[in-house]
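Everything in the sequence shown is counted per UniProt numbering, starting at 1 for the first residue and increasing by one.
Glycine included, C-beta positions come from ideal geometry on N, C-alpha and C.
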Amino acid sequence: MDDARCVELQKTVTNEDLYLIDDVKSYQFVCDECGVSLIPCSYKKAVNLRKPYFKTGKNSEHLVGCYAKATSKIREQAKTARISTDECFPLAYPNRFNLTAAKSVKTDKSSASDIQAQHGVIKKQFDNVSRGNSKQNYVTSSFQTLVDQYFNFPFDRDRELTFVGISGHQYQQVFQKIQNPIGKQKFRFQSEKPETKVFFSSLSWEKPEIIDDQIIVKLSAGWWQESDGKKKNLRPYFVEINTTEWSKTVLNNFTQRLTQIRELVKGTDKKAMMVFAGKQDREQDFYRFTCDESRLICFKVF
Ligand SMILES: [Zn+2]
């Protein structure tokens with residue numbers, strides 16, 4: 001399973017959170033629905049190639065009818081194959097994102113209520129399935145939830161998504177991987193017109209720079225050219241994050257998270273991906289992306 005409830009922390013944690021918790025062994029985890037004890041596995045970054053996950057102990061099982069277990073099976077299938085059918089997608093999912101809601105709601109609270117909403121809807125959906133009704137989707141203000149949906153269901157990206165402030169009405173139209181220029185191109189516009197998109201790229205090895213109210217994060221996407229027989233990124237794309245409006249706590253949390261993520265992948269074959277809602281500079285420096293909302297930036301480790 002990909003998530004579990006941590007007894008001591010009194011919150012739901014995802015498999016990726018396990019990478020960032022110090023001394024995972026000192027915590028207890030249970031199924032958020034039926035309460036069966038769960039064991040965290042594969043969370044040591046240097047040793048394990050597999051992503052972290054939770055499993056039940058040898059002689060224990062989820063309670064009969066535990067929907068967390070049932071959805072977990074479907075989510076597992078979704079990693080390697082499309083699970084949408086002609087009629088529907090079998091799980092409830094966020095099909096609307098509200099930018100202004102994300103700005104006004106505290107992150108931790110929003111994600112907690114989001115998980116509750118998600119579970120509530122899934123539960124309802126399960127009840128509905130038996131009665132032959134269709135499932136319900138929901139609105140979210142958690143950017144991380146949206147990003148997880150995009151990457152955890154790679155074959156179902158044509159699902160519906162309305163993102164306030166971004167054009168398109170499917171996940172794949174809202175999200176955009178930053179592409180390297182090809183052939184003789186010296187740069188590449190990443191969208192047809194100047195517009196905000198949810199862009200993503202893996203981080204470069206270079207340390208982010210902090211200059212006054214800006215954090216500059218270099219990406220591994222860029223103008224890769226042969227130089228002395230080696231492929232080099234001569235012009236990496238970079239994200240210029242404007243932190244003027246951020247509180248000290250938000251800024252600290254963000255830089256800490258960025259450092260943690262970079263440490264995590266250092267010396268391993270893992271990659272850290274940065275996902276952010278932002279814009280490409282189409283006038284002065286085509287390699288520059290800008291974004292300024294901390295709640296619209298998150299990281300994924302692959
Ligand atoms: Zn369970």
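How do the region 275–284 and the region 218–225 stand: do at least 3 beta-carbon pairs fall below 8 Å, yes or no?
no
Nearest-angstrom Cα distance between Phe-286 and Glu-160?
30 Å
Do Arg-157 and Tyr-138 have their C-beta atoms within less than 8 Å of each other?
no
Whether Leu-20 touches Cys-31 by CB criterion (8 Å):
no
Assign Lys-177 to one of two classes, buried (16 or more other C-beta atoms within 10 Å of its C-beta) or exposed (fewer than that).
exposed
Close-in-space but distant-in-sequence residues of the same chain around Phe-151 (CB under 7 Å, 5 per side omitted)
Lys-300
Whole-angstrom distance between Lys-11 and Lys-193, CA atom to CA atom:
41 Å
Is the beta carbon of Cys-41 less than 8 Å from the beta carbon of Phe-54?
yes
Quick check for students: name the residue ranges of the alpha helix (DSSP H) that lie wholly in the region 47–93, counting only runs of 4 or more.
67–78
For the candidate residues Gln-260, Ser-26, Met-1, Glu-87, whose alpha-carbon lies nearest to that of Lys-51?
Met-1
Straight-line Cα distance separating Ala-272 from Cys-6:
25 Å
Rounded to a whole number of angstroms, what is the C-alpha to C-alpha distance between Gly-222 and Tyr-237?
5 Å
Is Ile-241 near Gln-214, with beta carbons less than 8 Å apart?
yes
Is Leu-296 near ligand 1, judged by its Cβ being under 7 Å from some heavy atom?
no
Assign Thr-249 to one of two classes, buried (16 or more other C-beta atoms within 10 Å of its C-beta) or exposed (fewer than that).
exposed
Span of the beta strand (DSSP E) holding Arg-288?
288–291
Which word fits Ile-261, buried or exposed, when buried means at least 16 other C-beta atoms lie within 10 angstroms of its C-beta?
buried
Between Leu-63 and ligand 1, is the CB less than 7 Å from at least one heavy atom?
yes
Own chain residues within Cβ distance below 7 Å of Asp-108, not counting five before or after
Low per-residue confidence applies at Asp-108: pLDDT is 42, beneath 50, and the placement is therefore not dependable, though the value from the model is reported in the following sentence. Excluding positions up to five away in sequence, the list is empty.
For Phe-151, which three-state DSSP category applies?
helix
Between Ala-68 and Glu-33, is the Cβ-Cβ spacing less than 8 Å?
yes
Is the closest heavy atom of ligand 1 to the C-beta of Ala-68 under 7 Å?
yes
Go to Leu-219, then tell me how far its beta strand (DSSP E) extends in each direction, as first and last residue.
214–227
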